[in-house]
Amino acid sequence: MEARSAVDDAALGREAWSVLDANRTGSATVPAPGLYPHQWSWDSAFVAIGLARWDTRRAAAELLSLLAGQWRTGMVPHIVFHPARAEAYFPGPSVWRSHDHPAAPTGVLTSGLTQPPLHALAVRQVWRHAADRDEAAALVRRIYPMLAAQHDYLAATRDLGGAGLAAIVHPWESGMDDSPVWDEPLEALPAVRYAYRREELPERHPDSHHDRYVWLALRYRDSGYDGAYLRLDHPFAIEDPMFNGIWLASCQALAELAPVAGSDPRPHEEAAARIRTALLERLWSDGLFHALDLRGGRLIPVRAIGGFGPLLDPGLPFEVAMALVATLESARFMGAAGYPVPSCEIRAPQFDRSRYWRGPSWVNTNWLLRRAATVHGRTELARQLTAATLRLVRQAGFRECFDPFDGSGRGGRDFSWSAALTLDLLADSAES
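Quick note, the working numbering runs 63 ahead of the 1-based positions in the sequence shown.
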């Protein structure tokens, strides 16, 4: 039985590598050719995490390709466009107009938004697993100043609530674009309609908020991507627990990497402590962290997968961590799903098993929760998440997301982060 399992794992690993090789464009990996033909920020961080144990240089190239798009403000854009297919995705460079902004990089076309700052965690993963320690140390020294600048940007420009948390200013910045968490803030915006060709858009449900997404992006662009505008006038500002949980964990990763780069870890440790305090004081309620709508002035009641983001913090108070685990394992989430973890509470009226972040399970959030379970010593929960996620990809392939009840694939096929994180989960399974 064990021998057959090892053979199966090896075959799955080869299939994952085939997907990553097919999706590679130069030094970067696109999420899914045709559907997402450019480089996305947290997608590339997940790809680098999956590559970390096997190919230090390729993982480094993935991150450095993304960071070539970093703005002089420190902002890491959520998309770096491949010039050959610049307008093959909407909204493309002609919408963002980064080339007109003095802080944008010369010769690299990017969006004007950011995404969860997962990149320090990816670099730490490379540093911990690299066989060539000198090569890994050189990567840390090279990339550390870029990551520190990314964190400085979030602290200086995105603390719109003044309490130490970063605010997202667009649903695309969450990485969980269509989550029902954003419904109420979006519905408070003006009704708008754009005349772009619908065939340019990714497949969306008829009642999606995509027009408001475009309107928000254009407002921010037309402000000149101005930080003061975000603070004073931008109508969408959310303190998201997943974004900030990842930021906290990345601060801890930078503290670990700082001595390798010849820097002081204490500023990153202090930043992590500030974020933890603010998360607990502002976003914690009734067994879960909730997003805070800064414009509406209240916590958003929808219970979604992002509410578990702060569990990535090993310094979270024990009673809070265990309450989060209880919510995760309850019938609201894992307890009623055949294939965890659904992206929205199953009991919620907004739950939809077929619509992106409104219900389906995702490999990347399963991976994050598996990591969170591990840092809190919940080894059985981590084992369950690993086994269930590998079962999903064995059954349906490396899909973008999965039905949480029957495990069928949803969204794009041959999705890069699903393949990359499968490699990491297989490695952990082999070691356990």
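Just so it is clear, CB atoms sit at the ideal spot from N, CA and C, and this is done for glycine as well. Please read all numbers here as calculations on a predicted model, not as lab measurements.
In the DSSP annotation of this structure, the continuous segment of the alpha helix (DSSP H) that includes Thr-119 starts and ends at 119 to 130.
Burial is judged here by how many other beta carbons sit within 10 angstroms of a residue's own beta carbon; Phe-396 has at least 16 and is buried. Burial of Pro-403 is indicated by the presence of at least 16 other C-beta atoms within 10 angstroms of its C-beta. Judged by their CB atoms, Phe-371 and Leu-351 are nearer to each other than the 9 Å cut-off.
For His-182, the enclosing alpha helix (DSSP H) stretches over residues 182 to 192. With contacts defined as CB atoms closer than 9 Å, Ser-479 and Asp-71 fail to qualify as a contacting pair.
With contacts defined as CB atoms closer than 9 Å, Cys-407 and Ala-367 qualify as a contacting pair. Rounded to whole angstroms, the gap between the alpha carbons of Asn-429 and Arg-358 is 30 Å. Around Ala-321, the same chain offers Tyr-207, Asp-327, Pro-328 and His-331 as residues with beta carbons nearer than 8 Å, after the five sequence neighbours per side are excluded.
When DSSP states are grouped into helix, strand and coil, Phe-465 belongs to the strand group. Counting of Cβ neighbours within 10 angstroms places Arg-196 among the exposed residues, the total staying below 16.
Across the set Thr-88, Glu-333, Gly-474 and His-162, the C-alpha of Gly-474 shows the shortest separation from the C-alpha of Arg-418. Met-305: member of the alpha helix (DSSP H) spanning 304 to 320, first to last residue.
Under the criterion of beta carbons closer than 8 Å, Ile-338 and His-353 do not qualify as touching, at roughly 16 Å.
The continuous alpha helix (DSSP H) containing Asn-427 extends over residues 426 to 438. Counting every other CB atom within 10 Å of its CB across the protein chains shown gives Gly-97 a total below 16, marking it as exposed.
Along the length of the segment 353 to 396, whole alpha helix (DSSP H) runs at least 4 residues long occupy 381 to 392, reported in chain order.
Distance from the CA atom of Gly-137 to the CA atom of Gly-422, rounded to whole angstroms, is 34 Å. Boundaries of the alpha helix (DSSP H) harbouring His-214: 196 to 220, taken from the DSSP string.
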